[in-house]
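Chemist: Residue numbers (the numbering used here): 1 to 235. Can you read through this structure? Questions will come right after.
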Ligand code: OAD
């Protein structure tokens with residue numbers, strides 16, 4: 001830990017990439033781990049533009065169930081530790097999570113590369129609106145233009161939001177310390193940020209309860225729950 005704190009103090013630019021694992025201890029299921037969502041559901045039925053075109057109600061029922069679950073979750077000490085790191089260091093937080101728990105913990109330099117489950121976007125005119133209700137009445141919701149609204153998240157086969165992604169790449173390229181927290185690093189292009197940071201010279205530290213696809217290339221692997229390790233780093 002002392003070594004890692006020295007890296008933090010010496011760094012001119014720090015970035016972190018988080019995934020579902022950081023919210024696991026807030027009670028939100030991950031996608032690929034034990035009890036993960038993609039063991040119970042097929043992504044192609046629920047998280048693709050084709051699934052939405054085929055059965056918007058089914059897709060919305062699943063997102064509404066997740067919104068309800070997430071609405072009851074609170075940030076855990078891992079989220080709060082990252083907000084604290086942001087207050088003390090030059091830091092950019094890149095998240096694949098759509099749950100909004102980093103916002104609730106106080107993170108502001110936050111790039112949501114997979115969107116936000118609390119945003120609704122019109123499938124026709126593109127108008128976006130924030131809707132914090134845990135359940136949306138009258139599914140599937142409609143825009144004022146009459147077309148169906150969709151969850152404001154990135155689905156499989158879709159591009160990431162261009163400006164957010166450009167800034168995420170920039171943060172990875174400029175970081176001299178890059179933290180990879182609670183992600184299986186299995187989904188691209190987000191996982192590619194680790195290679196980008198590493199090849200641009202960053203020291204890469206992984207925090208995960210398990211070995212992942214990127215474990216062989218990182219400089220330090222910290223095995224354990226993010227909610228325990230991150231507060232130790234930020235202490
Ligand atoms: P995954 O479910 O693929 O991976 C979660 C990771 O968190 C695993 O490596 C776990 O070992 C780790 N983990 C679990 N509990 C942990 C804890 N308490 N502390 C630290 N690590 C823990 O989730 P992501 O990598 O986020 O995309 O998945 C990436 C993307 O795939 C998601 O954003 C989503 C999904 O399909 C879209 O929906 C587009």
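Glycine residues also receive a C-beta, built at the ideal position from the N, C-alpha and C atoms. Given the structure is predicted, the values throughout are model-derived calculations rather than measurements.
Can you tell me whether residue 84 is buried or exposed? The criterion is at least 16 other CB atoms within 10 Å of its CB, across all chains shown.
Modeler: Answer is buried; the Cβ neighbour count reaches 16.
Chemist: In angstroms with no decimal places, state the Cα-to-Cα distance between residue 51 and residue 37.
Modeler: Distance between the alpha carbons of residue 51 and residue 37 is about 16 Å.
Chemist: Where does residue 204 fall in DSSP's three states?
Modeler: Three-state DSSP puts residue 204 in a strand.
Chemist: Which value, in whole angstroms, describes the spacing of the CA atoms of residue 153 and residue 9?
Modeler: Each residue's alpha carbon lies about 35 Å from the other.
Chemist: Among 155, 186, 225, 206, which has the Cα closest to the Cα of residue 63?
Modeler: Here the closest residue by C-alpha is 155.
Chemist: CB residue 46 to CB residue 59, shorter than 8 Å?
Modeler: The answer is yes: Cβ separation under 8 Å.
Chemist: So residue 120 and residue 133 are supposed to be a Cβ contact under 8 Å. How far apart are they, rounded?
Modeler: At roughly 10 Å, the Cβ-Cβ gap does not stay under 8 Å, so residue 120 and residue 133 are not in contact.
Chemist: If residue 203 sits next to residue 177, beta carbons under 8 Å apart, how far is it from one beta carbon to the other, in whole angstroms?
Modeler: With 8 Å as the limit, residue 203 and residue 177 qualify as a contact, their Cβ atoms being about 5 Å apart.
Chemist: Got a sec, what are the start and stop residues for the alpha helix (DSSP H) residue 43 sits in?
Modeler: 43 to 46 is the span of the alpha helix (DSSP H), which, as asked, contains residue 43.
Chemist: From which residue to which residue does the beta strand (DSSP E) around residue 128 run?
Modeler: That run of the beta strand (DSSP E) goes 128 to 130.
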